[in-house]
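Inspection log for the structure reproduced underneath, given as structure tokens.
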Amino acid sequence: MLSRLGRPATTPELAEYLGLHPNGVRRQLGVLREAGLVVQRQVRRSRGRPHNEWAIAPGANPGGERPTGYQALAGWLAGAVPVSKERLREVESAGREIGRDLGAGAGGPPERAIEDVLSALGFQPELEGPANGRLGCRLGNCPYRDSAQDNREVVCTLHRGVMQGILDRVSADAVLTRFVPHDPATAGCEIEIEGLVVEA
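The sequence shown lines up with residues 1 to 200 when you count with this note's numbering.
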């Protein structure tokens with residue numbers, strides 16, 4: 001279900017989608033959390049009490065083990081890009097186009113759209129804000145860690161372009177002011193966005 005949604009969801013959302021009582025869904029989610037298949041986090045989107053959202057855990061493989069050929073292919077492609085300023089500009093530009101495509105289907109307030117797209121990609125974003133048009137984000141997972149271990153500059157440059165493209169779609173005035181990659185094995189990459197137009 002979370003895999004189909006492509007974003008974190010609340011217990012009531014999941015219960016409604018499944019046609020079940022929230023208490024039963026909550027119990028099952030607790031079992032899945034204990035098994036390491038989902039993670040729970042508290043999110044505050046407005047005033048009042050924060051609510052719980054559920055997301056697929058970084059190491060979980062919904063639907064079984066995925067084919068490994070794609071990981072190898074991604075690594076080969078990233079390794080085939082010569083690391084030069086000109087080539088990295090091209091990689092970032094290609095990433096921006098990809099980000100525009102990904103952001104085209106995102107709806108809702110810009111901060112939610114950004115969170116939804118990053119969640120669907122498997123980054124497990126943790127947002128801070130928005131406050132005064134600024135949004136901070138820490139990525140809890142690197143879905144490209146296998147490729148990024150050997151080709152970090154190429155993969156992270158592509159991801160920076162993807163972020164810029166997402167912003168182009170969800171908030172045209174927003175600017176990516178900070179993009180700090182971390183070790184792909186531990187994630188924690190930091191993103192900062194300014195000029196985000198937040199709906200009142």
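No residue lacks a Cβ here, since even glycine has one placed at the ideal position from N, Cα and C.
Small disclaimer: the values here were computed from a predicted structure and weren't measured.
Per DSSP, cross-strand counterpart(s) of Q40:
W54
Return yes when the Cβ of L29 is within less than 8 angstroms of the Cβ of V43, no when it is not.
no
Just curious, the alpha helix (DSSP H) that L127 is in, first and last residue?
Unbroken run through L127 is the beta strand (DSSP E), P125 to A131; no alpha helix (DSSP H).
How far does the beta strand (DSSP E) with C137 in it extend, from its first residue to its last?
R134 to L139
So, with DSSP's three-state summary, where would you put R26?
helix
Count the other CB atoms within 10 Å of the CB of V180; is the residue buried (16 or more) or exposed (fewer)?
exposed
Consider the C-beta atom of G122 and the heavy atoms of the ligand FMN; say whether any pair is separated by less than 7 angstroms.
No copy of the ligand FMN appears in this structure; indeed no ligand is present at all.
If you pair each beta-carbon of the region 92-102 with each one of the region 154-169, do three or more pairs fall below 8 angstroms?
yes
I'd like the list of long-range same chain contacts for L158, defined as Cβ closer than 6 angstroms, with 5 residues on each side in sequence excluded.
V91 and G95
Verify whether the separation of the beta carbon atoms of S84 and P8 is less than 8 angstroms.
no
Assuming the contact rule is C-beta atoms closer than 8 angstroms, L88 and L135 should be a hit. Round their C-beta distance to whole Å, please.
In fact, because the Cβ distance is near 25 angstroms, the residues do not count as touching under 8 angstroms.
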